Each structure stands twice: as structure tokens, then as C-alpha cells.
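**Q**
Residue numbers (the numbering used here): 21 to 332.
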């Protein structure tokens, strides 16, 4: 029998109970075993170790010198195991280092303002926050949590929905004054667009045509994209390009709400906006064991404070 076939921790625990409680019957009661089962376990343990641990008589048990040494070491090992389990327990106080990756607009407007409160509530946690609109591989980047907007491709990830955001096509008044305002999605072919330096799950800009828009054809969704003249690495960079009059950009409504209210950006073709929105999720790696307390605490904290509902 190999060591892998023996539950040595269970043997130690039963042996320690026999010694501490003074007999097989009391130890059996404490361990949920029968007295004969405890006796057989101790005999197996002694046989495996090749030494006698207990002197048995009809009236009492006593430890051999080897038994005294084994008992002292077993008590110490069992205590260390219990402490290790307490530290690793998923229900323990969150602590350790947390790596979070978020797209730039959500990170700047919703995540960063929450970090001070989260760290104050969980002083045992430290955090690395990386903002990037590129989709990262959590294993490769060693990220604990990522915030993603739009369709999710990796079905192996654990998912927590944070909300939805309506998408809107915008341009600056200066751009529209120079190039005119498109009245139909087909007009975008004669305009200038702002795109991305990375591939996205949704490549085109969807518009609703037909129905109430055009009585001659049925209602349908078409995708149109203006010729791209500038590409940005993240949503905030694209917003700044749009504010500078470079071209049209399709961005999350929460990202440009203030600019629209101030008149710095103007929604374009909004009556043909198909509505709905892109979902925003916190994603993290799952596994057979419990989720680390620091990850669970962070996801619960963000989900409780970032319920975006501007999809309409």
C-alpha cells in the first residue's frame, strides 16, 4: 500500500482522540466510528509504522515512548492543517493580490471611483487595475477578473452581468458642419469614420430600416460603416477623436452622455438606432474548487454598485 492509499491525517486524528479521551470507546463516539473500527485503525497504523504506540490492558491505555513522540508530532501537524484550511477557506476574510482588467470607458467612469471604497472595506486586498479595450486572455494575462462589453465567446468563463449600455453614433458639430449630417445609413459611405486598432465581435454599425422608416420595405437591420480614417486603441481615445471633429464614432451612451448634454457631440441617425444594447459582464475563471474570497468580494461589490440600465 502506497502513502497515497493511506489517509494519514485521519489516522493521526483518531490516534490523537484515543490518547486525549483515554480510550477506544470515547474516541469512537467522537469520530463517528465503532470501538472495533478504532481498534483496527490503530493496529493498522502500528503495523504500517513498524512499532507499538499504545500499551493496552483491560483497565487502561498508556503510550509507549514511540507513541508519546508520535502523539506530540501528530497534534502539531493536525493544528497546522487546521490553520492552513482556515487561511485558504473561501469563506475567509478576503485578502491577497487581485488583478483586474477593464475596458477604458467603464474603468474610468465606473470602476476607478469604486476602488477606494473597495480597498477600505477589504484592507487585506491589494489591486492591479489594467485598462484596455482589447480582449485579454485571463490565463495568459494572469488576470483574476475582466470587464467585457458585448458578446462573450469563451463559454468556459464564469459570468456576472453588470448591466447593459445603449450604443450611439455621434459626431461633433464642427464635423457635421463641414461634411453634412447623414440622413440614411447609406449616406455613411460618403463620410469619415473612427474605428479600432483591434478586432471586435461586432464589426458593423447596425441600423433599423424599413417599417416606420420606409413604408415600401419591411423592417430589418442593416449594417453600415463609413470609411475609417482613424483608429483608436480604446473608447476614450475614440471619443476624443470624435470631439476633435475627425469623424463619426459608435460609442457607449454612458461614455458620451455628458458630451451630448453639453452639445459637444451630436447623435447621428438616432431614429434608426435599433435600440437594445451591449451587455457588460464581469468574467472570471471558474474551477472545481470554491472561488477565492478576494475575487468573489470584488465581483459582488462591483455588481452591487454598477447596475447600468441605459439600454433602450
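Cβ atoms here follow ideal geometry from the backbone N, Cα and C, with glycine treated the same way. Here the structure is a predicted model, which is why all the values come from computation and not from measurement.
At which residues does the beta strand (DSSP E) containing residue 199 begin and terminate?
**A** The residue you call residue 199 lines up with position 179 of the chain shown. Not the beta strand (DSSP E): residue 199 falls in the alpha helix (DSSP H), residues 193 to 199.
**Q** Would you tell me roughly how many angstroms separate the C-alpha atoms of residue 151 and residue 276, rounded to the nearest one?
**A** The count along the chain shown starts at 1 and reaches residue 151 at position 131. The count along the chain shown starts at 1 and reaches residue 276 at position 256. Their Cα atoms are separated by approximately 18 Å.
**Q** Please report how far the alpha carbon of residue 334 lies from the alpha carbon of residue 147, in whole angstroms.
**A** What is shown of the chain runs 21 to 332, which leaves residue 334 out entirely.
**Q** Rounded to whole angstroms, what is the Cα-Cα separation between residue 140 and residue 40?
**A** Looking up residue 140 in the chain shown gives position 120. Looking up residue 40 in the chain shown gives position 20. Their backbone Cα atoms lie some 44 Å apart in a straight line.
**Q** How would you label residue 246, buried or exposed, when you count the other beta carbons within 10 angstroms and need 16 or more for buried?
**A** In the chain shown, residue 246 corresponds to position 226, counting from 1. Counting Cβ neighbours within 10 Å, residue 246 comes out buried, since at least 16 surround it.
**Q** To test your reading of the DSSP string, which unbroken alpha helix (DSSP H) runs of 4 or more residues are found completely within the segment 94 to 176?
**A** The qualifying runs are 135 to 141 and 158 to 161.
**Q** Have a look at residue 85 and residue 156 and give me their C-alpha separation to the nearest angstrom.
**A** Counted from its first residue, the chain shown places residue 85 at position 65. Counted from its first residue, the chain shown places residue 156 at position 136. Taking the straight line from one Cα to the other gives about 60 Å.
**Q** Count the other C-beta atoms from every protein chain shown that fall within 10 angstroms of the C-beta of residue 313, then say buried if there are 16 or more, exposed otherwise.
**A** Numbered from 1 along the chain shown, position 293 holds the residue referred to as residue 313. Label assigned to residue 313: buried.
**Q** At a cut of 8 Å, does the segment 54 to 63 reach the segment 30 to 39 through at least three beta carbon pairs?
**A** Yes, they touch.
**Q** Under 8 Å between the Cβ atoms of residue 258 and residue 214?
**A** Here residue 258 is taken as the residue at index 238 of the chain shown, counted from 1. Here residue 214 is taken as the residue at index 194 of the chain shown, counted from 1. Closer than 8 Å, so yes.
**Q** Over the uninterrupted alpha helix (DSSP H) stretch that includes residue 40, give me the two end residues.
**A** Position 20 of the chain shown holds residue 40. Here the alpha helix (DSSP H) through residue 40 covers 28 to 41.
**Q** Quick check: the segment 115 to 131 against the segment 83 to 102, are at least 3 beta-carbon pairs closer than 8 Å?
**A** Result no; under three Cβ-Cβ pairs closer than 8 Å.
**Q** Would you report the Cα separation of residue 49 and residue 173, rounded to the nearest angstrom?
**A** Here residue 49 refers to the residue found at position 29 when the chain shown is read from its first residue. Here residue 173 refers to the residue found at position 153 when the chain shown is read from its first residue. So the two alpha carbons sit approximately 53 Å from each other.
**Q** Could you check where the alpha helix (DSSP H) with residue 277 kicks off and where it finishes?
**A** Position 257 of the chain shown holds residue 277. Element bounds for residue 277: 273 to 282.
**Q** Can you say whether residue 255 is buried or exposed, counting buried as having 16 or more other CB atoms within 10 angstroms of its CB?
**A** Residue numbering aside, residue 255 sits at position 235 when the chain shown is read from its first letter. Under this definition residue 255 is a buried residue.
**Q** For my contact list, residue 3 and residue 191 are in at a C-beta cut-off of 8 Å; report their separation, rounded to the angstrom.
**A** The first residue shown for the chain is 21 and the last is 332, placing residue 3 beyond what the model contains.
**Q** Take residue 69 and list the residues in its own chain whose beta-carbon comes closer than 6 Å to its own, dropping the five residues that flank it on each side.
**A** As a working mapping, residue 69 is identified with position 49 in the chain shown. Hits under 6 Å: none found.
**Q** At which residues does the alpha helix (DSSP H) containing residue 333 begin and terminate?
**A** Missing from the structure shown is residue 333; the chain here goes from 21 to 332 and no further.
**Q** Residue 260: which of 44, 124 and 205 sits nearest, CA to CA?
**A** For the purposes of this step, residue 260 is taken as the residue at position 240 of the chain shown. Nearest option by C-alpha distance: 124.
**Q** To which residues does DSSP link residue 299 through a beta bridge?
**A** Translated into positions along the chain shown, residue 299 becomes position 279. According to DSSP, which records beta bridges pairwise, residue 299 is partnered with 184.
**Q** Exposed or buried, what is residue 319 when buried is set at 16 or more other beta-carbons lying within 10 Å of its beta-carbon?
**A** Numbered from its first residue, the chain shown carries residue 319 at position 299. With 16 or more Cβ atoms within 10 Å of its Cβ, residue 319 is classed as buried.
**Q** Taking a contact to mean a Cβ-Cβ separation below 8 Å, would you say residue 184 touches residue 105 in this structure?
**A** Walking along the chain shown from the start, residue 184 turns up at place 164. Walking along the chain shown from the start, residue 105 turns up at place 85. No, they are not a contact pair.
**Q** Is it right to say residue 234 is buried, meaning 16 or more other beta carbons lie within 10 angstroms of its own, or is it exposed?
**A** In the chain shown, counting from the first residue as 1, residue 234 sits at position 214. Because residue 234 sits at a pLDDT of 47, beneath the cut-off of 50, its placement in the model cannot be relied upon, and the point is left open.
**Q** From the DSSP output, in three-state form, read off residue 291 for me.
**A** One-based indexing of the chain shown puts residue 291 at position 271. Three-state DSSP puts residue 291 in a helix.
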